[in-house]
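Structure first, then comments.
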Amino acid sequence: MTQLLVFGERKDAEEVAETLGEWFPELGVPRVVRETLAGEDDAEDAQWLVLLEGLDHHALAKVDELVERYDGWREAG
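Numbering (our numbering), first residue to last: 1204 to 1280.
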């Protein structure tokens, strides 16, 4: 199942993606994408997502701890 890691800042998303690539090299470095909401006038309010697949529940607990350090959260995609 795809996991979406959501952040307000691009830098945070990129740092988390790089860290996850180091922790789980078999997955490669996760993609970072910008999510804009339909009809959103201010592009500055767009969120940054890290797309993550292939981790078990134990690994996701570690991911959650990392994401919280960057004021982000995880959603199932």
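No residue lacks a Cβ here, since even glycine has one placed at the ideal position from N, Cα and C.
#### Entry: Bridge partners - L1230, DSSP secondary structure assignment
In DSSP, L1230 forms no bridge with anything.
#### Entry: Nearest-angstrom beta carbon gap, G1257 and L1230 [assumed within contact, 8 Å]
6 Å
### Query
In chain order, what residues of the same chain have a beta carbon less than 8 Å from the beta carbon of W1276, not counting five sequence neighbours either side?
L1208, V1209 and V1270
### Query
Alpha carbon to alpha carbon, what distance is there between E1278 and D1267?
10 Å
### Query
To which residues of the same chain is L1223 closer than 8 Å at the C-beta, ignoring the five residues directly before and after it?
L1230, V1232, P1233, V1253, L1255, V1266 and L1269
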